[in-house]
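A.B. asks:
Number of protein chains: 2
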Amino acid sequence: MSRIFNFSAGPAMLPLEVLEEVQRELLDCQKSGMSILEMSHRAPVYDKVNAEAEADIKELLGLNEDWCVLFLGGGASLQFSMVPMNFLTEGKIGAYVDTSSFSAKAVKEAEKVGAAVTLFSSKEQKYNRVPRLDEIKLPANAAYLHITGNNTIEGTEYHNYPDTGKIPLIADLSSDILSKPIPTEKFSFIYAGAQKNIGPGGVVVVIARKDFVKGRNKNLPTMLNYEVHMDNKSLYNTPPVFGVYIVGLVAKWLKKQGGLAVMQERNISKAKLIYDVIDKHLDFYRGFAEKDSRSYMNITFGLPSEELEAKFVLEATAGGLDGLKGHRSVGGLRASVYNAMPRAGCEKLAEFMENFYLANR
Amino acid sequence: MSRIFNFSAGPAMLPLEVLEEVQRELLDCQKSGMSILEMSHRAPVYDKVNAEAEADIKELLGLNEDWCVLFLGGGASLQFSMVPMNFLTEGKIGAYVDTSSFSAKAVKEAEKVGAAVTLFSSKEQKYNRVPRLDEIKLPANAAYLHITGNNTIEGTEYHNYPDTGKIPLIADLSSDILSKPIPTEKFSFIYAGAQKNIGPGGVVVVIARKDFVKGRNKNLPTMLNYEVHMDNKSLYNTPPVFGVYIVGLVAKWLKKQGGLAVMQERNISKAKLIYDVIDKHLDFYRGFAEKDSRSYMNITFGLPSEELEAKFVLEATAGGLDGLKGHRSVGGLRASVYNAMPRAGCEKLAEFMENFYLANR
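As you go down the protein sequences, you meet chains A and B in turn.
Just so we're aligned, residue 1 is where the first sequence starts under the UniProt record's numbering, counting upward by one.
Just so we're aligned, residue 1 is where the second sequence starts under the UniProt record's numbering, counting upward by one.
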């Protein structure tokens, strides 16, 4: 089979040019005589890979020396625990916005560590929106505010971020990281599983203000202490070498595309192709997210019946459009159109949706 | 440059056949139309990869349905904390054998969780040996005994394992996992970073008795609870997909070689080529480990001066023998000769050592 359009929510498509480069040098990385898969994390070639990946991500986001970029294992789910372990100080409260089942998991893990409060939840509306900024009322004793920037399962996304003043803003940007420029001046700490926009499964990117990470709980398990990873430039122990290498190649690819403003424009225009079909046939395609909260990464919708949804998935897959089934917890359909999804994939899906509507309305 | 012999301690060489297969299907894995790097961990192709990797490792070790095999992120260093968090029960004590700087790290992490005791330490002899079995006196209130099966930095290895009776035996086998048959009936729990004998960095293999893992501390952070990973067959969250895929290919390669008894014979004979040169020129090559404790995976030795050691590394590297510098914490020289190091690599190193001796004695 030739390569297909993969609308999976993650792990997800990677740029073909990146995959081709990985393939080309898989037996001999940068003339080292060995595969990147075999390379010591203390080797000069890997040192360069690690340093360039950090530098390129900082360049893409316009970050200065006050920031560090870390590459960790364990997945974003481990961050749900590491964030309160590191930042939920005695006498303070972790403040959360609950916009998805992943946000709810983050709250649950924080409650195991200390005091946590949910300031806003769209759970009763099945998480069909993120809050308006005026709906978030921060308590004065908040250790931080934690938000989920893009909600993969539900297909919602923040298009503006709250001003939290002196209270640090922490965000899980797993599913929209590097898909658009971010007003980083509002944030203290960002984390993201790489497997949607910037790499394979098994590596988490942390983007943090150094002074926010510094001098925290010294008695934490070493591997759960961000400061250890910061002080060791992600090389305290063997990192997910291959994952970091791919993230680095994707960062270079993003720079070559013109950076995050270009990606944002491209991503909005790709998503619009699909949202336009949904909006044209409102009686048939039922967009899940409220319009103001729509994600440009994950487009969620339903059809009039589960039978039609099954038929949709079957016929789309046969046509080379894969991964369109919604998350098992919510059902329906979902098209994930991250950075690496070519515009041609979205065009093909939009065309398929139009034809499917005509044949099944 | 063509491929070299890489004696790095890890990440380390992988079988060339495995790398060639990875390269071949890097753009289109098992006719799925996508790279394994892009594949959802919920996709049927990956389900099969995950299940076969587990089944093949169990087959290699001769394990029945009482055992599970898990694939986790975070590195073996995270296991140093997860082991006591899961198994160091109230009123009991974690018993440790200290045979390396990694063993010492395991003790340090246990002490953050509860009570830990070091039953034996070879630290004063710079960790040049593992204990004789009669040197380990287990306290009756031990929650478990933790050993480090092979000590990568120091080049020592257990060739027999203690009988701990009713007290569970836990082992970090990061650097000799699947290099030889293991009397698994003695063990309750084994963990290993994959990046030496069985895969790339970023994936940890856990091999555990199901009844040992079951029903432990329910209030642990979810991602640090082994039972969660067991109940979800390593798919609670996005696993290090690509790493597991490689581990699976290596397991199949090991089966094709004839299994662990064949690998053991081959590994002993490979290591002997190098130890023989050391023993022949005792005045020049100074083997670090006591003979009974010598590792078949990591061969550590020194030369009469640091200048000679630097010259050795320089000339070896120029001759296509890479990664021979000892760990930065101990200096000297180290040849790591894991499963995937071809016999030809050891022959070439032995020949180089003989010539280097003649030229520099």
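No residue lacks a Cβ here, since even glycine has one placed at the ideal position from N, Cα and C.
Would you grab the beta carbon distance between A:E157 and A:D176 for me? Rounded to a whole angstrom, and I think it's under 8 Å.
C.D. replies: For the purposes of this step, residue 157 of chain A is identified with residue 157 of the first sequence, where counting begins at 1. For the purposes of this step, residue 176 of chain A is identified with residue 176 of the first sequence, where counting begins at 1. The Cβ separation is near 6 Å, so the contact holds.
A.B. asks: What's the gap between the Cα of B:A344 and the Cα of B:S2?
C.D. replies: Locating residue 344 of chain B in the second sequence gives position 344, where the first residue counts as 1. Locating residue 2 of chain B in the second sequence gives position 2, where the first residue counts as 1. Taking the straight line joining both Cα atoms gives about 15 Å.
A.B. asks: Is B:G323 close to chain A, meaning its C-beta is less than 8 Å from at least one C-beta of that chain?
C.D. replies: Along the second sequence, read from residue 1 onward, the residue named residue 323 of chain B stands at position 323. Taking Cβ atoms only, chain A reaches closer than 8 Å to B:G323, which makes this a yes.
A.B. asks: Of all Cβ atoms in chain A, is any one closer than 8 Å to the Cβ of B:P239?
C.D. replies: For the purposes of this step, residue 239 of chain B is identified with residue 239 of the second sequence, where counting begins at 1. It does: the Cβ of B:P239 has a partner Cβ on chain A nearer than 8 Å.
A.B. asks: Check the Cβ-Cβ distances between A:S81 and every residue of chain B, and say whether any is below 8 Å.
C.D. replies: To locate residue 81 of chain A, count along the first sequence from 1; it is residue 81. Cβ-Cβ to chain B under 8 Å: yes for A:S81.
A.B. asks: Please list the terminal residues of the continuous alpha helix (DSSP H) segment that includes B:H229.
C.D. replies: Here residue 229 of chain B refers to the residue found at position 229 when the second sequence is read from its first residue. Element bounds for B:H229: Y226 to D231.
A.B. asks: When the Cα atoms are used, what is the spatial distance from B:I4 to B:L14?
C.D. replies: The count along the second sequence starts at 1 and reaches residue 4 of chain B at position 4. The count along the second sequence starts at 1 and reaches residue 14 of chain B at position 14. Roughly 12 Å separates the two Cα atoms.
A.B. asks: Comparing alpha-carbon positions, which option in B:L63, B:N50 and B:S329 lies nearest residue 375 of chain B?
C.D. replies: In the structure as shown, chain B begins at 1 and stops at 361. Residue 375 of chain B is therefore absent and cannot be evaluated.
A.B. asks: In chain B, what lies closer than 7 Å to A:L14 by C-beta?
C.D. replies: For this step, residue 14 of chain A is matched to residue 14 along the first sequence. Those within 7 Å of A:L14 in chain B are S35, L37 and E38.
A.B. asks: When DSSP labels each residue in this structure, what does A:G345 get in the three-state scheme?
C.D. replies: Here the question's residue 345 of chain A lines up with position 345 in the first sequence. Helix at A:G345.
A.B. asks: Which term fits B:I198, buried or exposed, when burial requires 16 or more other beta carbons within 10 angstroms of its beta carbon?
C.D. replies: In the second sequence, residue 198 of chain B corresponds to position 198, counting from 1. It is buried - the Cβ of B:I198 has at least 16 other Cβ atoms within 10 Å.
A.B. asks: When Cβ atoms are compared, which residues of the segment 200-228 of chain B fall closer than 9 Å to chain A?
C.D. replies: Result list: P200, G201, G202, V203, V204, N219, L220, P221, T222, M223 and L224.
A.B. asks: What three-state label does DSSP hand B:Y144 in the structure shown?
C.D. replies: Counted from its first residue, the second sequence places residue 144 of chain B at position 144. Strand.
A.B. asks: Say whether chain B places a C-beta atom closer than 8 Å to the C-beta of A:I198.
C.D. replies: In the first sequence, counting from the first residue as 1, residue 198 of chain A sits at position 198. Chain B contact via Cβ: absent.
A.B. asks: Counting only runs of 3+ residues fully inside the segment 92-172 of chain B, write out the beta strand (DSSP E) ranges in chain order.
C.D. replies: Entirely contained in the segment 92-172 of chain B, the beta strand (DSSP E) runs reaching 3 residues are, in chain order, 93-98, 116-121, 142-148 and 169-172.
A.B. asks: Can you tell me whether A:F212 is helix, strand or coil according to DSSP?
C.D. replies: Position 212 of the first sequence, counted from the start, is the residue given in the question as residue 212 of chain A. In this structure, A:F212 counts as helix in the three-state DSSP scheme.
A.B. asks: Using the rule of at least 16 other Cβ atoms within 10 Å of the residue's Cβ for burial, across every protein chain shown, is A:N355 buried or exposed?
C.D. replies: As a working mapping, residue 355 of chain A is identified with position 355 in the first sequence. Exposed: under 16 other Cβ atoms inside 10 Å.
A.B. asks: Using alpha carbons as the reference points, say which of B:G33, B:S336, B:S8 and B:G94 lies closest to A:S35.
C.D. replies: Position 35 of the first sequence, counting from 1, holds the residue named residue 35 of chain A. The shortest C-alpha separation from A:S35 is found at B:S8.
A.B. asks: If distances are taken between C-alpha atoms only, which option among B:G323, B:N298 and B:I299 comes closest to B:A310?
C.D. replies: Indexing the second sequence from 1 puts residue 310 of chain B at position 310. Minimum Cα distance to B:A310 is reached at B:G323.
A.B. asks: Cβ atoms of B:P181 and A:M39: under 8 Å apart, would you say?
C.D. replies: Counted from its first residue, the first sequence places residue 39 of chain A at position 39. Counted from its first residue, the second sequence places residue 181 of chain B at position 181. No, the pair does not count as a contact, with Cβ atoms beyond the cut-off.
A.B. asks: Just list the residues that DSSP pairs B:F301 with in beta bridges.
C.D. replies: Working through the second sequence from its first residue, we reach residue 301 of chain B at position 301. Note: B:F301 sits in a beta bridge opposite B:G287 and B:L333.
A.B. asks: When you compare the CB of B:H41 with every CB in chain A, is at least one pair closer than 8 Å?
C.D. replies: Taking the second sequence and counting its residues from 1, the one referred to as residue 41 of chain B is at position 41. Closer than 8 Å to some Cβ of chain A, the Cβ of B:H41 qualifies, so yes.
A.B. asks: Give the secondary structure of A:G33 by DSSP, where H, G and I count as helix, E and B as strand, and everything else as coil.
C.D. replies: Locating residue 33 of chain A in the first sequence gives position 33, counting from the first residue. Three-state result, A:G33: coil.
A.B. asks: Within a Cβ cutoff of 7 Å, which residues of the same chain sit near A:V244, ignoring the five residues on either side of it in sequence?
C.D. replies: Taking the first sequence and counting its residues from 1, one reaches residue 244 of chain A at position 244. Excluding residues within five positions, the ones whose Cβ falls inside 7 Å are V49, N50, A53, F71 and V203.
A.B. asks: Where does A:K196 fall in DSSP's three states?
C.D. replies: In the first sequence, counting from the first residue as 1, residue 196 of chain A sits at position 196. Residue state, collapsed to three classes: coil.
A.B. asks: Could you tell me the distance, in whole angstroms, from the CA atom of B:S81 to the CA atom of B:D163?
C.D. replies: By one-based count along the second sequence, residue 81 of chain B stands at place 81. By one-based count along the second sequence, residue 163 of chain B stands at place 163. Cα-Cα distance, rounded: 24 Å.
A.B. asks: Quick check: is the beta carbon of B:E351 nearer than 8 Å to any beta carbon in chain A?
C.D. replies: Residue numbering aside, residue 351 of chain B sits at position 351 when the second sequence is read from its first letter. With 8 Å as the cut-off, B:E351 does not count as an interface residue toward chain A.
A.B. asks: Given A:N151, which residues of its chain have a CB within under 8 Å of its CB, disregarding the five upstream and five downstream residues?
C.D. replies: The sequence position of residue 151 of chain A within the first sequence is 151, counting from 1. These residues qualify, in order along the chain: T99, S100, F102, S103, Y127, V130, E157, S175, S295 and N298.
A.B. asks: One question on the structure: do B:N237 and A:G75 come within less than 8 Å of each other, judged by their Cβ atoms?
C.D. replies: As a first step, residue 237 of chain B must be located in the second sequence, where it is residue number 237. As a first step, residue 75 of chain A must be located in the first sequence, where it is residue number 75. It is a contact, given that the beta carbons lie within the stated cut-off.
A.B. asks: With a threshold of 8 Å on Cβ separation, who are the neighbours of B:L333 within its own chain once the five nearest residues in sequence on each side are excluded?
C.D. replies: Start at 1 with the first residue of the second sequence, and residue 333 of chain B comes out as number 333. Excluding sequence neighbours, B:L333 sits near T300, F301, G302, L303, E309, F312, V313, L324, K325 and G326.
A.B. asks: Distance, Cα to Cα, A:K348 vs A:E315?
C.D. replies: Stepping through the first sequence from its first residue, residue 348 of chain A is reached at position 348. Stepping through the first sequence from its first residue, residue 315 of chain A is reached at position 315. In a straight line, the C-alpha of A:K348 is about 13 Å away from that of A:E315.
A.B. asks: Could you list which residues in chain A have their beta carbon closer than 7 Å to that of B:N6, in chain order?
C.D. replies: Translated into positions along the second sequence, residue 6 of chain B becomes position 6. Going along chain A in sequence order, the residues near B:N6 (Cβ under 7 Å) are M34 and E38.
A.B. asks: Quick check on the DSSP output: what are the complete alpha helix (DSSP H) runs of length 4 or more inside the segment 256-280 of chain A, in order along the chain?
C.D. replies: List check, alpha helix (DSSP H) in window: 260-280.
A.B. asks: May I ask you to list, following chain order, the residues of the segment 60-74 of chain A that have a beta carbon less than 9 Å from some beta carbon of chain B?
C.D. replies: Within the segment 60-74 of chain A, the residues whose Cβ lies closer than 9 Å to some Cβ of chain B are L72, G73 and G74, listed in chain order.
A.B. asks: So, is the C-beta of B:K112 closer than 8 Å to a C-beta in chain A?
C.D. replies: Numbered from 1 along the second sequence, position 112 holds the residue referred to as residue 112 of chain B. Yes, B:K112 counts as interfacial toward chain A.
A.B. asks: Have a look at the DSSP bridge pairing and note the partners of A:Y191.
C.D. replies: What you label residue 191 of chain A is simply residue 191 of the first sequence in a count that begins at 1. Looking at the DSSP assignment, A:Y191 forms a beta bridge with A:D172 and A:V206.
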